[in-house]
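In what follows, a single structure is set out as structure tokens and then discussed.
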Amino acid sequence: MKNIKKRKLILFSFLICTLIIAAKLSSVDADTISAGDGNRIHFINLKSKSGSDAILLESRGHFALIDMGEDYDFPDGSNPRYPDRWGITMDNDQVLEDRLFRHLKQVGVKKLDFILGTHVHSDHIGSADEVLKRFPVDRFYLKRYADERVTTKWRLWDNLYNYDNAAKTATERGVKLIQDISDKDSHFTLDDMDIQLYNYKNEYDSNGHLKRVFDDNSNSIVAVVTVAGKRI
């Protein structure tokens, strides 16, 4: 009798642990700001683990992504176009891909009006190709990139690999890829949300090459979202 009770207690404890683990796996680290009337901004991240993040804009059933976070793939060095460089993220603890897709599923995202890559670092657009493969996307905003523009070699990482994967997948999926963003392109809406882009133009030198920068962070697009009288 005691053995039966003990087994039941062990089984009950196991079930409780399973439920707790399942709850943790289904939850996502996301800070959500609500502006009412079906307008929310979701900041999806890994908290203190890394700088990998994604921002989901939600307005009356319309959705868009600003950055998509780190993914699992990276160049192995077998292709000379994508060398195995120091600093390339290979740590799964910094991957945002799973959390991103869980959150999109929880919110009920079926389609994205647009996605925007602020710059080509893997912790910002690493998951862009995966997003494009999983969801219908109308437009993809992504400035042009070339390794030659980065003046510091140890800041090259897998930038070109991420850029090529994102641009190639957008083309294969028939997504409108906007890389030469005009003044007109820089201002648009997502239902109730007004979106204004800054630092969106590609800069060139006198030889017609992309202007050199220390790091592609300097090339980042800034998006200002205004909704319900608030600017974010």
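In this text, residue positions in the sequence shown follow numbering that gives the first Met the number 0: the first is 0, and each later residue adds one. Backbone N, C-alpha and C fix where the C-beta goes; we use that ideal spot for every residue, glycine too.
Roughly how many whole angstroms lie between the Cα atoms of S217 and V130?
Here residue 217 refers to the residue found at position 218 of the sequence shown. Here residue 130 refers to the residue found at position 131 of the sequence shown. Inter-residue distance for S217 and V130 is about 25 Å (C-alpha atoms, whole angstroms).
In terms of residues, what are the limits of the alpha helix (DSSP H) holding D128?
Your numbering for residue 128 matches position 129 in the sequence shown. From DSSP, the alpha helix (DSSP H) with D128 extends over A127 to R133.
Own chain partners of D72 with C-beta closer than 6 Å, once the 5 adjacent residues on each side are dropped
For the purposes of this step, residue 72 is taken as the residue at position 73 of the sequence shown. Once the five neighbours on either side are set aside, D72 has no close Cβ partner at all.
I'd like the ranges of any beta strand (DSSP E) spanning at least 3 consecutive residues and lying wholly in the region 124-184.
With a minimum length of 3 residues, the continuous beta strand (DSSP E) runs that stay inside the region 124-184 are 136-141 and 175-177.
Could you check how far apart the C-beta atoms of D70 and E96 are, in whole angstroms? I think they sit under 8 Å.
Here the question's residue 70 lines up with position 71 in the sequence shown. Here the question's residue 96 lines up with position 97 in the sequence shown. In this structure D70 is in contact with E96, their Cβ atoms being roughly 5 Å apart against a cut-off of 8 Å.
Based on DSSP bridge pairs, tell me the residues matched to A29.
Walking along the sequence shown from the start, residue 29 turns up at place 30. Paired residue(s): I43.
Per DSSP, which residues does V106 bridge with? Please list them.
Within the sequence shown, numbered from 1, the residue matching residue 106 stands at position 107. Under DSSP, V106 shares a beta bridge with no residue.
When you compare the region 113-127 with the region 160-174, are there three or more beta-carbon pairs, one atom per stretch, that lie closer than 8 Å?
Yes: the two stretches touch, three or more of their Cβ pairs being nearer than 8 Å.
According to DSSP, simplified to helix, strand and coil, what is F100?
Within the sequence shown, the letter at position 101 stands for residue 100. Secondary structure of F100 (DSSP, three-state): helix.
To the nearest angstrom, how far is it from the Cα of L111 to the Cα of T188?
Locating residue 111 in the sequence shown gives position 112, where the first residue counts as 1. Locating residue 188 in the sequence shown gives position 189, where the first residue counts as 1. The alpha-carbon atoms of L111 and T188 are separated by roughly 13 Å.
What residues match up with Y197 in a beta bridge as DSSP calls it?
Working through the sequence shown from its first residue, we reach residue 197 at position 198. Note: Y197 sits in a beta bridge opposite V221.
Out of R154, A145 and V226, state which residue places its alpha-carbon closest to the alpha-carbon of D214.
Position 215 of the sequence shown, counted from the first residue, corresponds to residue 214. Ranking R154, A145 and V226 by Cα distance to D214 puts R154 first.
Compute the Euclidean distance between the alpha carbons of N164 and T31, then round it to the nearest angstrom.
Sequence index remark: in the sequence shown, residue 164 carries index 165 (1-based). Sequence index remark: in the sequence shown, residue 31 carries index 32 (1-based). Each residue's Cα considered, the two are about 29 Å apart.
Could you check the C-alpha separation between L24 and Q93 for me, to the nearest Å?
In the sequence shown, counting from the first residue as 1, residue 24 sits at position 25. In the sequence shown, counting from the first residue as 1, residue 93 sits at position 94. Note that L24 scores a pLDDT of 36, beneath 50, so its modelled location is shaky; the value from the coordinates is reported in the next line. C-alpha of L24 to C-alpha of Q93: approximately 16 Å in a straight line.
Helix or strand or just coil, what does DSSP make of D112?
Working through the sequence shown from its first residue, we reach residue 112 at position 113. Looking at D112 - three-state DSSP - the assignment turns out to be strand.
Going by CA-CA distance only, name the one from D83, Y140, S181 and R84 that's closest to L64.
One-based indexing of the sequence shown puts residue 64 at position 65. L64 has its Cα closest to that of Y140, out of D83, Y140, S181 and R84.
Pop quiz: S205 and L196 are said to be a contact at Cβ under 8 Å. What is the actual Cβ separation, rounded to whole angstroms?
Counting from one through the sequence shown, the residue named residue 205 turns up at place 206. Counting from one through the sequence shown, the residue named residue 196 turns up at place 197. About 26 Å separates the two Cβ atoms, so there is no contact after all.
Can you tell me whether R148 is buried or exposed, with buried defined as 16 or more other CB within 10 angstroms of its CB?
One-based indexing of the sequence shown puts residue 148 at position 149. By the 10 Å Cβ count, R148 comes out buried.
Taking the straight line between their C-alpha atoms, what separation do you get for N44 and L55?
Looking up residue 44 in the sequence shown gives position 45. Looking up residue 55 in the sequence shown gives position 56. Their backbone Cα atoms lie some 11 Å apart in a straight line.
Identify the residues that DSSP records as bridge partners of G35: which are they?
The residue labelled residue 35 in the question sits at position 36 within the sequence shown. Looking at the DSSP assignment, G35 forms a beta bridge with N38.
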